[in-house]
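Residue 2 is where the sequence shown starts when you use our numbering, and the numbers rise one by one after that.
Working notes, beginning with the structure itself.
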Amino acid sequence: MRAGELMTRKLSIVTPDVPVKDVARLLALRGIGAVPVVSAQGELVGIVTEADFIALEARPDSRLHARRDRNPRPAAPGTVGELMSSPVVTARVDTDIADIVGVMLAQHISRVPILDEAGMLVGIISRSDLLRLLARPDQTVAQDVRAAVEAAGVHGSPHIEVLHGRVRISNLGVFDADASDLAVLRRLVCDVPGVLGLEIAQPIGAAGASGREAGR
């Protein structure tokens, strides 16, 4: 599954000159955890998250420090441009979801803005999006997998099992396919939302080749 299929497209965005308090109010009113920051030309230049506001609240009170030393702490940011995180970790619309999960884990981030081929912001993927993906019922996943198998040119009555998102396909019958056809089958099945792994247990074609794809 690709980022463009899962991402949230309806975004709230702000520009760097927006007051910090306005953004805090926006997050609270819309129940969202982050807002991308774009330039006047629409290019992504940063992101403001709940974590940024938590860090802001944790700053020592400069008035208290002013009593003890002559160098009080810097004033709190007044605009988004002063508070935002930049540069931003992003992904393209055709990035595999598994790769985005890897980036989130490696970078310790909870959301990734998605850019189109021109580098413009078109969506965002958050942990909640991934949770919705993982929460798809196995029965629903199985129905979509069967449609994908048929789209790959497999006829007959293949047996499809789905357990906790992991798919096992057997009883394909004679599926006369070369390596590229098998790759198409795997790609179509693995692109089904909620598929976490794929095993093709039935020998395929006259040569009796079989294929297995590890968990994604």
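Glycine included, each C-beta is placed from N, C-alpha and C at the ideal position.
Handout entry: Closest residue to Ala25 among Lys11, Arg147, Met85, Ala41 (Cα-Cα distance)
Key = Met85
Exercise for the section: Could you check what DSSP says for Glu162 in three-state terms: helix, strand or coil? Expected result: It is a strand residue.
Handout entry: Leu134 and Pro37 closer than 8 angstroms at C-beta
Key = No.
Problem - Endpoints, beta strand (DSSP E) assigned at Ile48 - result: Element bounds for Ile48: 45–50.
Exercise for the section: Return helix, strand or coil for Met8, following the three-state DSSP convention. Expected result: coil
Exercise for the section: Using three-state DSSP, classify Ala119 as helix, strand or coil. Expected result: coil
Practice task
Starting from Arg3, follow the beta strand (DSSP E) in both directions and report where the run begins and ends.
Solution key: Arg3 -> no beta strand (DSSP E), and no H or E assigned at all.
Practice task
Alpha carbon to alpha carbon, how far is Leu7 from Val46? Give it in angstroms, no decimals.
Solution key: 23 angstroms
Practice task
Compare the C-alpha of Ile126 against each of Val163, Ala143, Asp95 and name the closest.
Solution key: Asp95
Practice task
Output yes or no for whether 8 angstroms exceeds the beta carbon distance between Ile98 and Val113.
Solution key: no
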